[in-house]
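Numbering-wise (the working numbering), the sequence shown opens with residue 12 and increments by one. Ideal Cβ positions, reconstructed from N, Cα and C, are used throughout, including at glycine.
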Amino acid sequence: MQRAARGFLGRGDALARIAELGGERADELTSIVARTIGVKERSFRRKLKKSTDQSGADDTRGGGAKKKADGERPARRTKAGSTKAAAPGKSTSSAGQVTGQKGRDRTEKLLRGGLRPMHGELTLDGTELANEARGTLLSASVGEGTKKTYAVAFGLWQLWRRVREEPLMLDPTRPGEWEDTICEFYGVVAHTMGYSHSYCHGMLYAIRRQHRLRRIYLDVRDDAMPLLSMMRKGHKRRCGAPKRKVAATIDLLLDIYEKGGLDLESWDGAMAWLAILMGFFFLFRSSEYLRKGAEVDDQKCLRMRNLIWACNDSRDDAEPGIDCDELIVYHEFSKNDFMGQGTDNNIKRCKDLRLCIPSLINKLRVMKPSAFEEQNRDKFVFTMSDGKVLPKVVVERLLREAALRMGMDPRILASHSLRAGGCTAMFNAKYADHEIQRRGRWVSSCWKIYAWSGRKRDSDVADRMASSDSNLFAHGHT
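The following block contains the structure:
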């Protein structure tokens, strides 16, 4: 009855299911379904079908007539006595109206209510479905990237326990020995093997997760294991501060453009340059647009549906043959947005055409129009001519070769240097803290370790400090 009421099961199917199950209340349930679901279910399905039929068409007004196409609007205005013409490529829809498929997708994500997402079937014997549901929810409790990290980190614990010829899991009947065992393991990996504090932290939580999945409620937090907490603090002090991400600069990017050997007339060369520019100006993490190793992060990696190449502040993509002057990027997920709240950022034209992202997008649209068609909306943005996503190592190679040409140590640069470079550029351009934090999608003030001060930023510090007010309130109370 619940599935029928939510639209997942037709009225006839619901009646057939009740008849199949039988039982003493079969007749009573049949009459209830016929009485309460009948009209409601038919009305709901009519509305749903109408909504589905119109999903690919323009919105309707009044009596259901379609809106006029963009090309008909100037004629309508002229007929009404207006001399205002529509700007090329600009959507003339109202400010609150979303016309394109990408806009409709965004609106659907923001809507509340609707059909409840039900899975499986409601049966009297639900043991198998209950196990499936439990496994699905437990698996979803951590992100895909975290699962991979935990799998690698847990391998050291497996090896350590096997060498000692001990069971993989701690003895659930002897919790008093857990802290001593964990401390012994931590000493081996942290001090003897020399793993970093952050990696050891991941190991502990990988061990905790595997134990909890087996209902051994291991707790490695400070209050539960004070001796381990002291060891972790000691290791953190010995390791020192984490290595800061050295920022890429505009000069380094231009060196790649001029001397990096990129063929900007080819698809692969232009896409590689676009990846560098977007990593810098949009402060991307590598997993958000590049391929790390053999696999792509399906959830975070940028797709064509996440881009809008707009013209004249339009909400839709510019039509073929019309150049865009803005690129809008919608981040569906990110490292600290695993719930999928999403974030929007945009960029307009740059005076230096070598660094202009909209101009490069226009070039790519002419070079390969099919890549920007609706049928490819789910493909990753930085898909190269071989069908694979641009690997992270290619971007790092370009950055390090440029560093060598500029007399820098190439080891200090990596793909994350583009993110740090964008953050540094905004910091030295004196953007407000909250603007930097929002564009980089940081949830804390940790963005400050990405920002490096430029020499020009404090070029007048001596004059400003020397001219400061010396008449202090405190001096009047001595």
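Proximity of residue i and residue j at Cβ, strictly below 7 Å
| i | j | result |
| --- | --- | --- |
| S396 | D308 | no |
| I319 | D328 | yes |
| H208 | C250 | yes |
| L179 | R185 | no |
| N439 | G418 | no |
| A259 | S428 | yes |
| L238 | C194 | yes |
| N373 | M315 | no |
| G146 | L140 | no |
| I423 | V163 | no |
| Y197 | M242 | yes |
| E190 | M236 | yes |
| V454 | N323 | no |
| S426 | K441 | no |
| C335 | F391 | no |
| R255 | I447 | no |
Residues near residue i by beta carbon distance below 7 Å, same chain, minus five either side
| i | result |
| --- | --- |
| L294 | R430, G433, C434, R450 and G451 |
| R220 | Y161 |
| C367 | R360 and C361 |
| L401 | M282, A283, A286, L301, R302, F393 and M395 |
| L364 | S370 |
| L265 | R365 |
| L167 | V200 and M214 |
| W458 | C434, I447, Q448 and G451 |
| A473 | none |
| F165 | A217, I218 and Q221 |
| D233 | S240 |
| S479 | none |
Nearest-angstrom beta carbon gap, residue j and residue i [assumed within contact, 8 Å]
| i | j | result |
| --- | --- | --- |
| E337 | N356 | The pair is not a contact, with the Cβ atoms about 11 Å apart (cut-off 8 Å). |
| I287 | L409 | 7 Å |
| L275 | V406 | So it is not a contact: roughly 16 Å between Cβ atoms. |
| S490 | E299 | Residue 490 lies beyond the residue range present for the chain, which begins at 12 and ends at 489; the question has no answer from this structure. |
| L11 | A413 | Absent from the model: residue 11. The displayed extent of the chain is 12 to 489, so no value can be given. |
| R326 | G34 | Between G34 and R326 the Cβ distance is about 55 Å, and since that is not below 8 Å, they are no contact. |
| R490 | K270 | Here the chain comprises residues numbered 12 to 489, so residue 490 is not present and cannot be evaluated. |
| L224 | L170 | L224 to L170, Cβ: 20 Å. No contact. |
| P331 | P380 | 6 Å |
Helix, strand or coil at residue i according to DSSP, with G and I counted as helix
| i | result |
| --- | --- |
| G342 | The sequence given here places His at residue 342; Gly does not occur at that position. Correct three-state label for H342: strand. |
| T354 | strand |
| D230 | coil |
| P128 | coil |
| P402 | strand |
| D348 | strand |
| E35 | coil |
| T71 | Note that T71 scores 40 on pLDDT, short of 50, meaning its location in the model is unreliable; the coordinates nonetheless yield the value given after this. Strand, per DSSP. |
| A97 | Note that A97 scores 42 on pLDDT, short of 50, meaning its location in the model is unreliable; the coordinates nonetheless yield the value given after this. DSSP places A97 in coil when its eight states are reduced to three. |
Own chain partners of residue i with C-beta closer than 8 Å, once the 5 adjacent residues on each side are dropped
| i | result |
| --- | --- |
| K467 | N439 |
| Y228 | H222 |
| V231 | I193, L215, Y216, I218, R219 and L239 |
| A144 | H130 and G131 |
| S481 | none |
Proximal residues to residue i (C-beta, below 6 Å), its chain only, five neighbours per side dropped
| i | result |
| --- | --- |
| T354 | H342 and R452 |
| F536 | Absent from the model: residue 536. The displayed extent of the chain is 12 to 489, so no value can be given. |
| A462 | C434, T435 and F438 |
| F383 | R376 |
Taking the runs of the alpha helix (DSSP H) that are 4 residues or longer, which of them lie wholly in the stretch 246 to 329?
261 to 270 and 278 to 292
With a floor of 3 residues, list each beta strand (DSSP E) that falls wholly inside the stretch 356 to 430, ordered by position along the chain.
none
Length-filtered (3 minimum) beta strand (DSSP E) runs lying within the stretch 172 to 214
none
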